[in-house]
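Q: Input: one structure, supplied below.
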Amino acid sequence: LDGYHGRLGLFELMPVGTELRDALRRHAGDLAELRQVAAQHGLMPLIDDGLEKVFAGMTSLSDVLAVAL
55 LDGYHGRLGL FELMPVGTEL RDALRRHAGD LAELRQVAAQ HGLMPLIDDG
105 LEKVFAGMTS LSDVLAVAL
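Residue numbers for the sequence shown follow my numbering, so the first one is 55 and each next one is one higher.
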């Protein structure tokens, strides 16, 4: 536990609604297509969560880029 104390988490949240669930069931063509459908339905990518935390002064851009790209 000591190695994680004081660290800030970055999170990627993907709500799975009907359209995304259907795309997954159809084995949608590729990851880009799934991400596009997910983005239309509220996906918050890891980099966006990190950038929000940079703008809030919670972390640095270099730290976010090191883990999110």
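We put the CB at the ideal spot given by N, CA and C, even for glycine.
(1) Report buried or exposed for V121, applying the criterion of at least 16 other Cβ atoms within 10 angstroms of its Cβ.
(2) Just the C-alpha distance for V118 and M68, rounded to the nearest angstrom, thanks.
(3) Pick from L105, S114, A77: whose alpha carbon is nearest that of A92?
(4) Going straight from the alpha carbon of Q94 to that of G104, what length do you get?
(5) Determine, using beta carbons only, whether L100 and L74 come nearer to each other than 7 Å.
A: In short, the structure shows the following:
(1) exposed
(2) 19 Å
(3) A77
(4) 20 Å
(5) no
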